[in-house]
Amino acid sequence: MLKSGSNLEKLLRAGHFVVCGEMGPPQAADSASILKKCGYFKGYVDAVNLTDNQTAIVRMSSVMSSYFALQGGVEPIMQMTCRDRNRLAMQSDILGAYAAGIRNILCLTGDYQTFGNHPDARGVFDLDSTQLVQMVKKMRDEKKFLCGDEMKQEPRMFIGAAANPFAEPFEFRVMNLAKKIEAGADFIQTQPVFDIPRFEKWMNAVREEGLEKEVHIIAGVMPVRSVKALLYMKDSVPGMSIADEYINRLEQIKDKEAAMEEGVKIAVEIMTRLKETPGVAGVHIMPVMWESVTPRLVEEAGLLPRPVAAEETEGKEQGTMCDVGCRM
Amino acid sequence: MSKTSEKIAEFIESHPTLNTCALAAENAIKKPVFGCQDCGQCILSYTAFTCPMRCPKEMRNGPCGGTRADGHCEVYPDRYCRWWLIYERAKKLGRVKKLRKLQKPVDRRLEHTSAWLNVFAGRIDPPSWGRE
Ligand code: SF4
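Line by line, the protein sequences are chains A and B.
Going left to right, the first sequence walks through residues 1 to 328 as the numbering used here numbers them.
Going left to right, the second sequence walks through residues 329 to 460 as the numbering used here numbers them.
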């Protein structure tokens, strides 16, 4: 049986190579920009991440912006970090999110508050991301709150977690993934790939453990407009690995427009490589403040048209769904 | 833990002076040696005797995504990431498999109480001493 019935879950279970997008909610009390951005995603991606005060900068809540995304006709993946809420607030937000029609959640630790625009804030970190995954699973599968109290209507969420194949300690990262799977992760989204050999080394280790059969791994892709963005990530974003090849290619181009074109080309190349990597179930396109490039990337990577999920087959036909290519 | 150990814990905890002494004794060892943060639900035996609560995000199951290439913390670049240290030490001590255990959420009521007494009283999981 489907766990959540989300479009993302259905497509993954049917064995399709999925495409996720991402948008940052506005730094304003205004839903119009979300509805406008939905146009970049509708028909081009299968689900869209709505970030949760990303980089610790205050934006509209991921719960409410996921709700607006739904109204705009795209399926949201609501991100939830452990930085801003304790276990009570998280559970109540999850109840509300489900009631509003949100079916996917991505459980994250969250960027540390001192990096954002309220560096004087208190970080909560009541749970860690693995414990958050476990809590959502308990709510969904046992119909119980973390404390053990029962609930009538459970939030049937498709549960995601993050993995970073590029940060140290490298070998432990695979065990960390196994822990998140045991905790209840249904899908994984990775940090953006800019270092294919390193990513493939990680995937090899993942396949050795057979983990790609237990969870859907969706690899991150970040299109960049200039070499500046790459250099910034290389020097200032901990836990990233950027291959020199991409830096060299972008450095040589002086013209702004041409550099943008090369950025698109690089992203498409990476997407194509990821599609061929065994065990990778999809890509997650995460442009920073450049959502409008998404349709082009999906098209040039040959990922159009997007598949339509078959209607849920309840009861006796259940078994056949798994034969098509369910990885669970 | 056994009935006797529960009795001992109960006895000590019902005497404020004894209770304070027990906590002071535990802190006197665990603070300087392991950098204990007094969470009251010790998992040092699972984390290669390296306290995960010194991580600024208090990660108890593994590192966040920000560990630097040199093994340092994303928040405090001059310190090692706790989980980098935990993993390095676990390799040396033959305790890597113990890192695999899912660690449950912290019971905030037990903060600043004696983890030793909490084990005796059966309030938290007992430590895992043996090597793998
Ligand atoms: S880098 Fe390591 S010590 Fe620093 S916040 Fe992340 S997990 Fe904690």
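Even glycine gets a Cβ: it sits at the ideal position worked out from N, Cα and C.
Just reading off the beta strand (DSSP E) that residue i is part of, what are its end residues?
i, result
"Gln-71/A", "That residue, Gln-71/A, is in no beta strand (DSSP E); its alpha helix (DSSP H) goes 62-71."
"Ile-188/A", "187-192"
"Ile-57/A", "From DSSP, Ile-57/A is part of no beta strand (DSSP E); its letter is neither H nor E."
Output the boundary residues of the alpha helix (DSSP H) element that contains residue i.
i, result
"Asn-164/A", "Careful: Asn-164/A lies outside any alpha helix (DSSP H) and carries neither H nor E."
"Ala-219/A", "Run containing Ala-219/A: none in the alpha helix (DSSP H); it sits in the beta strand (DSSP E), 216-221."
"Glu-276/A", "256-276"
"Ile-340/B", "331-341"
"Met-135/A", "129-142"
"Lys-419/B", "410-421"
"Trp-444/B", "443-448"
"Gly-39/A", "32-41"
"Lys-359/B", "344-362"
"Arg-296/A", "294-300"
"Asn-7/A", "7-13"
"Ser-226/A", "Neither: Ser-226/A is in no alpha helix (DSSP H) and is coded neither H nor E."
Cutting at 7 Å between CB atoms, please list the residues of its own chain near residue i, excluding the five before and the five after it.
i, result
"Asn-7/A", "Asp-46, Ala-47, Glu-75, Ala-309"
"Arg-382/B", "Gly-363, Gln-365, Arg-410"
"Phe-448/B", "Met-329, Ser-333, Glu-334, Ile-336, Ala-337"
"Glu-150/A", "Lys-143, Lys-144"
"Ser-456/B", "Ser-373, Tyr-374, Lys-426"
Tell me whether residue i is buried or exposed, calling it buried when 16 or more other Cβ atoms sit within 10 Å of its Cβ.
i, result
"Ile-218/A", "buried"
"Leu-11/A", "buried"
"Gln-189/A", "buried"
"Lys-425/B", "exposed"
"Lys-37/A", "buried"
"Ile-452/B", "buried"
"Gly-315/A", "Caution is warranted here: a pLDDT of 43 is assigned to Gly-315/A, below 50, making its placement in the model unreliable, and the coordinate value is therefore given only provisionally. Classification of Gly-315/A: exposed, given that the 10 Å Cβ count is below 16."
"Pro-380/B", "buried"
"Asp-323/A", "Caution is warranted here: a pLDDT of 38 is assigned to Asp-323/A, below 50, making its placement in the model unreliable, and the coordinate value is therefore given only provisionally. Looking at its Cβ environment, which holds fewer than 16 other Cβ atoms inside 10 Å, Asp-323/A is exposed."
"Ser-4/A", "buried"
"Trp-202/A", "buried"
"Gly-458/B", "exposed"
"Met-1/A", "exposed"
"Lys-180/A", "buried"
"Met-289/A", "exposed"
"Glu-142/A", "exposed"
"His-343/B", "exposed"
"Ser-236/A", "exposed"
"Arg-122/A", "exposed"
"Thr-130/A", "buried"
What residues match up with residue i in a beta bridge as DSSP calls it?
i, result
"Met-80/A", "Cys-107/A"
"Ala-99/A", "Paired residue(s): none; Ala-99/A is not in a bridge."
"Ile-242/A", "Phe-194/A"
"Cys-20/A", "Ala-47/A, His-284/A"
"Glu-150/A", "Lys-144/A"
"Phe-158/A", "Asn-104/A"
"His-400/B", "Tyr-408/B"
Looking at chain C, is there any beta carbon in it that lies within less than 9 Å of the beta carbon of residue i?
i, result
"Glu-460/B", "No chain C is present in this structure, whose protein chains are A and B."
For residue i, collect the residues of the same chain with a Cβ closer than 6 Å to its Cβ; drop the 5 residues on either side in sequence, then sort them by chain order.
i, result
"Cys-370/B", "Ala-443"
"Trp-412/B", "Thr-395, Gly-399"
"Lys-234/A", "Ile-242"
"Arg-225/A", "Met-260, Gly-263"
"Cys-401/B", "Arg-407, Cys-409"
"Ile-266/A", "Tyr-246"
Between the C-alpha atoms of residue i and residue j, what's the straight-line distance to the nearest angstrom?
i, j, result
"Leu-31/A", "Phe-68/A", "For the sequence presented, residue 31/A should be read as Ser rather than Leu. Cα to Cα, Ser-31/A sits roughly 7 Å from Phe-68/A."
"Ile-414/B", "Thr-375/B", "6 Å"
"Gly-24/A", "Thr-332/B", "57 Å"
"Cys-147/A", "Gly-210/A", "33 Å"
"Asp-126/A", "Glu-386/B", "8 Å"
"Gln-318/A", "Ile-77/A", "Only weak support exists for where Gln-318/A lies, its pLDDT of 42 falling under 50; the value from the coordinates is given anyway. The straight-line gap from Cα to Cα measures roughly 25 Å."
"Ala-161/A", "Thr-395/B", "17 Å"
"Gly-325/A", "Glu-212/A", "Unreliable positioning characterises Gly-325/A in this predicted model, as indicated by a pLDDT of 38, which lies under 50. A coordinate reading is not provided."
"Asp-120/A", "Gly-39/A", "37 Å"
"Met-271/A", "Leu-106/A", "21 Å"
"Leu-35/A", "Asn-117/A", "25 Å"
"Met-328/A", "Gly-15/A", "Per-residue confidence for Met-328/A stands at a pLDDT of 40, beneath the threshold of 50, marking its modelled position as unreliable; the derived number appears in the next sentence. Near 10 Å, if we compare the C-alpha coordinates of Gly-15/A and Met-328/A."
"Arg-428/B", "Arg-388/B", "11 Å"
"Pro-384/B", "Val-403/B", "7 Å"
"Gln-153/A", "Thr-55/A", "33 Å"
"Pro-405/B", "Asn-164/A", "19 Å"
Who are the near neighbours of residue i in its chain, counting only those whose CB is closer than 8 Å to its CB and skipping five residues on each side?
i, result
"Asp-128/A", "Cys-82, Thr-109"
"Val-264/A", "Pro-223, Val-293, Arg-296, Leu-297, Glu-300"
"Ile-247/A", "Val-227, Leu-230, Leu-231, Lys-234"
"Val-174/A", "Trp-202, Ala-205, Val-206, Glu-209, Leu-211"
"Glu-439/B", "Asp-366, Cys-367, Gly-368"
"Glu-171/A", "Ala-205"
"Arg-249/A", "Glu-262, Ile-266"
"Gln-91/A", "Met-135, Met-139, Phe-145, Leu-146"
Should residue i be counted as a contact of the ligand MG given a C-beta to heavy atom distance under 8 Å?
i, result
"Gly-302/A", "As for the ligand MG, it is missing from this structure, which binds only the ligand SF4."
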